[in-house]
Structure formats: structure tokens, C-alpha cells
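If you want our numbering, it's the position in the sequence shown, counting the first as 1, plus 76. Accompanying notes for the structure given below.
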Amino acid sequence: MKRNNRLPLFPLKRFFTRLMLSYLVVTLAGLGVVSIIFLTLLQRYFFSIEGWQLATRGEKAAAVLQEPLLEKDLPVLKRLTETLAFSYDACLWVTDQSGKIMVNAGENPDKLGLRLEPNEIHHVLDGNIITKQITGPDYNSLFYATPVYEPGYDPEEHDEIDPAKSAAHVIGALVVSFPLGPLAGTIAGVTHLGFYAALGAAVLALLIAYSLSRQIAKPVEEMGRVALDLSEGRFEQRTTYRAADELGQLAETLNFAVKRVAGTIEEQRRTVKLQRDFISNISHEFRAPLTSLRGFLEMMQSGKIKPEDYGKYLKIMHEDTVHLSRLVQDLLDLADLESPQITLHKVKHDPEALLRAAVQHAHLAAAAKKITLEVQAEGGLPAVIVDERRFNQVLINLLDNAIRYSPPGNKIVIGVSRSGKELHFTVSDNGPGIPEADLPYIWDRFYKVDKSRTREDRGSGLGLAIVKQIVELHAGRVAVTSTLGKGSTFSFFLPAAES
77 MKRNNRLPLF
87 PLKRFFTRLM
97 LSYLVVTLAG
107 LGVVSIIFLT
117 LLQRYFFSIE
127 GWQLATRGEK
137 AAAVLQEPLL
147 EKDLPVLKRL
157 TETLAFSYDA
167 CLWVTDQSGK
177 IMVNAGENPD
187 KLGLRLEPNE
197 IHHVLDGNII
207 TKQITGPDYN
217 SLFYATPVYE
227 PGYDPEEHDE
237 IDPAKSAAHV
247 IGALVVSFPL
257 GPLAGTIAGV
267 THLGFYAALG
277 AAVLALLIAY
287 SLSRQIAKPV
297 EEMGRVALDL
307 SEGRFEQRTT
317 YRAADELGQL
327 AETLNFAVKR
337 VAGTIEEQRR
347 TVKLQRDFIS
357 NISHEFRAPL
367 TSLRGFLEMM
377 QSGKIKPEDY
387 GKYLKIMHED
397 TVHLSRLVQD
407 LLDLADLESP
417 QITLHKVKHD
427 PEALLRAAVQ
437 HAHLAAAAKK
447 ITLEVQAEGG
457 LPAVIVDERR
467 FNQVLINLLD
477 NAIRYSPPGN
487 KIVIGVSRSG
497 KELHFTVSDN
507 GPGIPEADLP
517 YIWDRFYKVD
527 KSRTREDRGS
537 GLGLAIVKQI
547 VELHAGRVAV
557 TSTLGKGSTF
567 SFFLPAAES
């Protein structure tokens, strides 16, 4: 069955749609609330301005009409009222002290009863001011009614704020009616303008919501694809989203997680390969000498080997048993070194003394090949804190390796010098060298550069792995440099005691 590698996009599309709708709803709701508040405040503002203007005009008109009203001069009163009505673009009514309409301008006086109640007129004649809005199917006006005082009288100047005290000076009433049709038209025009502005803002909000939603949904979709690849064992993809926000941090975390998982999987694969190689190598290392031993013993039992030749074959069998013994011991050492319960007995030692002890131990093997062992130690070196037995094992393994691969009559130099806060130990030979491609694996178990070594030169293949493990247990590190045809230098670094 063919696997469907496509990411299910519908959930992400729904996520994008929900996100965009959320932005849009919040934005439109905000615009709606702001528009309602704005229009309400705007309407109140226009009405307050109109009311203030109407009150100002009413007070001025009342002052102009005081004398003709007091003298009952109807022609003058009529002319002034019409002039004021024309000037104010409003309707005016003037009543006497009894509330009877004396003159009007701009509207038939019998309609006044439809606008103000009789008790309201009498309330004005008692020295009160009335402002009210009257609306109907075909009428919408703002009314302002104020008492007209006798000439020269001002209740504020006489500190008679109380209407009851100023009522004795009232000679009539003035009612000013201002039609709100033009104002309503102005408000409607502003409302239409606000509507178009809100519509434009809504379109802009839609574009912004789309853009923001894409900015969020796109990296989420990309991260979803990376996560899907990760779930299917593909670790090459990375999210490219970079930003100093939560999504950027999430993308960076996802990339880091993918890298860690890829590294872990690769390490697991390498571990499995090493385990397989280890089993294969150890089987090979045991099978070859055991097969040799079994073959020689069977040949001796069957009489195929003459008694006078036993010495030669017994020597070969002895070499095989020594090799097996060394292999078993190296495996035990490596297992012991890798155990969490391992205990090292570290004490201070003179590094040069440790080198000379190792040279003394390897002297016979070197002498058998006429190889000279030379110690080069820098003067005034600090002590090194090591487990003497394990440290000696490191030097012996390196020397044994150098002796095995060095041609007869050559020289091997074992040295120590200071490198910052560390001591640098080296073992240099003049052997055939190691190919550069093999250097990264030289410390692996059972890794052998020369696959065609003789019986005498064969080793367990675990010596350098043991060296690396011991050095790392001492908080050190290993290194190797080599040139084909010139030799190799194996080195390791350990902290100096004073540091």
C-alpha cells in the first residue's frame, strides 16, 4: 500500500478561517461600538450646540422686544418679530402676561398649541425657561421659551435667581422654534460619511485580518509539515520561519527537537551497527583461533601429524590460546571500564616516572625487534592525578601498538609536555602510518587498519578503545595524527594536578 505523505490541510484551513473570522469579528464589533458611540456623541454635540445657539438668540430677541411689548405697540412688535424670525431662520411667538399670543412670525399662531401646552406657557410666565424637542411624522423642532421682563430689569443683576421673585417683572413670553430638519440632514450626512468610513475600515480590517491570519497560519502549516515528516522518519526538513515572537520560538524549538531526534536516531542506528559489528568481530576473533586449535587437535588424534612435528604445531596452538586469553582479558577490561560502578584510585604521580615505568615494562618486546624506546619529558612539569594501574595500561597499549607496527631497528618516542592547564602525552612511531579515511574510526572496537596482519602481529582490536575509555574516565581526551609512510603519533591530554 502506498503511503499518503500529504499533510491533511483541511484542519489548517479551518484554523486559518477561524483565525481570520476571529480577527474580523473582533474588529467589526469594535468598529460598530465605536461608530455607535461616535454617532451618539456627535448627535448630542450638534443638539447641544443648537440648543446653546437657540438660547442665546432667544435671550437677545427677548431683550429687543421688551419695550414694544410693554407699550403694546403691535406694529413695531410685529416688524421686529418678523425681522428676528428671518434673521434666525426660525419661528417666533410673543405672548402677553396672560399667555395670549400677540404676534408671531414664521408660523400660524394656532399651531402653537400643538407645540407647547398652556401650562408650559404659564410656567414660562412665572419666570422659568423651557427647552424641549418636539417630533412628529411631519414635524421636528427644538423649542426655547423664555420670559420677557420689563425694560431695564435683569433677574441676575438683581440677584433674583428665584423665578417666584422675578415673576412680578414678567411682561410676556417669547417662544422660539427652530426646525431640526437641516440639522437632521447634517447629522444624516455625517452618518453616511461615517458609514462609508466604517465600510472602508471594515474592508481594511478584512485585509489586515487576512494578512495576520496568513502570517500565523503559514508558519503553523509549515511546522505541521515538518512534524509530519518527523513522524514518518524524515529528518531533513526544517521550518524556515524566523521571528522574535512565540511562533518564532516554537519554530526554533521544533527545529531543535527535530535535530535532537535525528541525532538520537542516528546514534541509535550507530549503536545497533556497533553492536552487530561487535558481535560479528568478536565471533570472528574467537572463531579463527578456536578453529585452528580444533583442527590441530583432530589432526593429532587422527595421526595426521607426526609426533616429531608436535613441537611446531604446539607453538601455534600456544599462540592461539595466548591470543584468546588476551582477547578475553581485553573484553573484561572494557566491560569493567564501561560499568557505572567502576572505581578509580587516583593519586598524584610524577608524569615522567610513569613514562619510564611503562618503557621498562615494554623493553623486552621492543628489544626483540631492535626498537629503541626514548623518553622525552619537559622539565618542571606538575603532577598528574591518575589511577596508576589504569594509566600504565594506557601507555602499555599505545607502546604495544607502536612496537607491533614499527619496522625493526626503528625508534619510538614517548613524551610528555605542558599544554596550558593540561599535560600532553604522546607516543610516536615511524611505522607505515594510517590512511586519513581511517583516522575517525581508529578508536572504535575491533577496528583494524591492516586486514592482512600476520599471526605474530595480530592484536585483539580493543587496545585503542580501552585507551580512549580510560583517558575519558580521567577527564581527558585522545587524538591521533598520522602520515602514510612516515609514522603516527597517538596522544592524549589530562588535567594537570595544579588546575
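Every residue, glycine too, gets a C-beta built ideally from N, C-alpha and C.
Quiz prompt | Rounded straight-line distance, which links the Cα of Ala281 to that of Leu97 | solution = 11 Å
Self-check item: Three-state class that DSSP yields for His421 in the structure shown
Solution: coil
Quiz item: Taking just the CA atoms, how far does Leu540 sit from Ile518?
Solution: 7 Å
Self-check item: 8 Å CB neighbourhood of Glu428 in its chain, flanking five on each side removed
Solution: Val451, Ala453, Leu457 and Val492
Quiz item: Sorted by chain position, which residues of the same chain lie with C-beta nearer than 7 Å to Leu115's C-beta, five sequence neighbours on each side aside?
Solution: Thr267 and Gly270
Exercise. Determine the closest residue to Asp426 out of Thr397, Ile461 and Leu440, with distance taken between C-alpha atoms.
Key: Ile461
Exercise. State yes or no: is the C-beta of Ala244 within less than 8 Å of the C-beta of Leu107?
Key: no
Practice problem: Assign Tyr99 to one of three DSSP states: helix, strand, or coil. | Solution: helix
Self-check item: One or two residues paired with Tyr220 in a DSSP bridge
Solution: Thr207 and Val252
Practice problem: Please go through the stretch 137-177 and give each complete beta strand (DSSP E) segment of 3 or more residues, from N-terminal end onward. | Solution: 167-171
Practice problem: With Thr315 as the anchor, note down where its beta strand (DSSP E) starts and where it stops. | Solution: Neither: Thr315 is in no beta strand (DSSP E) and is coded neither H nor E.
Quiz item: In whole angstroms, what is the alpha-carbon distance linking Ala105 and Leu326?
Solution: 31 Å
Exercise. Could you say if the stretch 340-349 and the stretch 367-376 meet the contact criterion of at least three C-beta pairs nearer than 8 Å?
Key: no
Exercise. Have a look at Tyr164, Tyr99 and Val170 and flag the residue whose alpha-carbon is nearest the alpha-carbon of Val200.
Key: Val170
Quiz item: If we ignore side chains and look at the alpha-carbon of each, how far apart do Leu449 and Val423 end up?
Solution: 26 Å
Practice problem: Give me whichever residues DSSP pairs with Tyr517 in a beta bridge. | Solution: Paired residues: none, contrary to the question.
Quiz item: What separation, rounded to the nearest whole angstrom, lies between the Cα atoms of His394 and Ser401?
Solution: 10 Å
Quiz item: At which residues does the beta strand (DSSP E) containing Pro571 begin and terminate?
Solution: Gly563 to Pro571
Quiz item: If you draw a straight line from the C-alpha of Lys247 to the C-alpha of Cys167, how long is it?
Solution: Looking at the sequence shown, residue 247 is not Lys but Ile. Cα to Cα, Ile247 sits roughly 20 Å from Cys167.
Quiz item: Between Arg432 and Leu475, what straight-line distance do the alpha-carbon atoms span, to the nearest angstrom?
Solution: 12 Å
Quiz prompt | Under 8 Å between C-beta atoms of Leu95 and Ser287 | solution = no
Quiz item: Does the stretch 115-131 come within contact of the stretch 144-159, defined as at least 3 CB pairs closer than 8 Å?
Solution: no
Quiz item: Comparing alpha-carbon positions, which option in Glu498, Val302, Leu515 and Lys380 lies nearest Pro23?
Solution: The chain is shown only over 77 to 575; residue 23 falls outside these bounds and no answer can be derived.
Quiz item: By DSSP, does His500 sit in helix, in strand, or in coil?
Solution: strand
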